[in-house]
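Asks: In our numbering, the protein residues as written are 36 to 157. Sending over a structure as structure tokens; questions will come in a sec.
This is how it looks when you write it as structure tokens:
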């Protein structure tokens, strides 16, 4: 496992593909490529119809993160993911929601914490 992989986690819980992005996470191309590869592996599972993004990153999100989030929403919809739940502070939640809401067929929900997000996923 590379250093970049140790900083983030993607796993399935029930019908939700959970992506946990910690504070201090690298936001470089190598990290995004590894996240995307793991996302596609897990999104392919038949029971998965929801994506939960837990954003613990402290820095403001930049335009590259927004474009990659939109790309992930498009890819997720190709695998049958129709709901995306974002867990973060209010500013990041609203900013990401405005970008992902532009993806047809994907409903966006906002949650205060991961437990609330997993309840919404049911």
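Glycine residues also receive a C-beta, built at the ideal position from the N, C-alpha and C atoms. Quick caveat: nothing in here was measured; it's all calculated off a predicted structure.
If you draw a straight line from the C-alpha of residue 89 to the C-alpha of residue 152, how long is it?
Replies: Cα-Cα distance, rounded: 9 Å.
Asks: I'd like to confirm the pairing. Which residues does DSSP put opposite residue 58 in its beta bridges?
Replies: DSSP output for residue 58 lists no bridge partner at all.
Asks: Could you tell me if residue 85 is buried or exposed, where buried requires 16 or more neighbouring beta carbons within 10 angstroms of its beta carbon?
Replies: When all chains shown are included, residue 85 counts as buried.
Asks: Look up residue 82 in the DSSP assignment and say whether it is helix, strand or coil.
Replies: Here residue 82 sits in coil by DSSP.
Asks: Going by the beta-carbon positions, is the gap between residue 56 and residue 107 smaller than 8 Å?
Replies: In this structure, residue 107 does not lie closer than 8 Å to residue 56 by Cβ.
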